[in-house]
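Chemist: Heads up: the sequence shown begins at 549 in my numbering, then just goes up one per residue.
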Amino acid sequence: MSIYLTFLALAIIEIFIIDLSGAMDGLVKPIIRRMLGLSKTANIVIPLFECSLCVVFHTGWIFLLCTGQFTIINFLFTTLIAFFSKNIAGLMRWTQDILICIEELLYKIITH
549 MSIYLTFLAL AIIEIFIIDL SGAMDGLVKP IIRRMLGLSK TANIVIPLFE CSLCVVFHTG
609 WIFLLCTGQF TIINFLFTTL IAFFSKNIAG LMRWTQDILI CIEELLYKII TH
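1) Report yes or no: do the segment 604–613 and the segment 568–580 share at least 3 C-beta pairs separated by less than 8 Å?
2) Quick check on the DSSP output: the alpha helix (DSSP H) that includes Lys-588 runs from which residue to which?
3) Are the CB atoms of Glu-562 and Val-593 within a distance shorter than 7 Å?
4) When you compare each of Leu-653, Ile-648, Ile-657, Phe-632 to Glu-556 by their alpha carbons, which one comes out closest?
5) For the alpha helix (DSSP H) containing Gly-638, name the first residue and the last one.
6) Give me the Cα-Cα distance between Arg-582 and Leu-653, rounded to the nearest whole angstrom.
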């Protein structure tokens with residue numbers, strides 16, 4: 549069971565970095581533009597690193613190979629987590645929105 553939790557944690561971290569943190573647009577792309585001598589407005593696409601589904605899928609099977617746990621069931625699990633990566637990102641955003649609403653409600657209660 550711990551391999552599933554480990555991979556789920558890894559996937560959530562990857563989804564956060566790629567979909568929610570803005571690291572791709574704010575850090576990675578500017579570095580690549582500078583390395584390639586492109587203008588700051590040049591549109592660049594990094595296919596395997598901009599898509600959380602792709603990153604989670606590829607790190608999933610690499611993770612399974614490196615840990616010696618490559619079975620069809622484990623591969624199915626990693627594939628499903630990759631498939632639901634956009635839903636996981638949405639759930640993380642939704643959770644954040646709920647917490648913001650609770651915080652605003654508590655603030656209103658405390659200040660009135």
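All C-beta atoms, glycine included, are put in the ideal place defined by N, C-alpha and C.
Modeler: Well, looking at it:
1) By the Cβ rule, the segment 604–613 does not count as touching the segment 568–580, because fewer than three pairs are nearer than 8 Å.
2) For this step, residue 588 is matched to residue 40 along the sequence shown. Premise fails: Lys-588 is in no alpha helix (DSSP H) and is neither H nor E.
3) The sequence position of residue 593 within the sequence shown is 45, counting from 1. The sequence position of residue 562 within the sequence shown is 14, counting from 1. Cβ atoms of Val-593 and Glu-562: not closer than 7 Å.
4) Along the sequence shown, one-based indexing puts residue 556 at 8. Going by the sequence as given, residue 556 is Leu instead of Glu. Put simply, of Leu-653, Ile-648, Ile-657, Phe-632 the residue whose alpha carbon is nearest the alpha carbon of Leu-556 is Phe-632.
5) Reading the sequence shown from its first residue, position 90 is the one you call residue 638. For Gly-638, the uninterrupted alpha helix (DSSP H) run begins and ends at 633–659, by DSSP.
6) By 1-based counting over the sequence shown, the position of residue 582 is 34. By 1-based counting over the sequence shown, the position of residue 653 is 105. Cα to Cα, Arg-582 sits roughly 45 Å from Leu-653.
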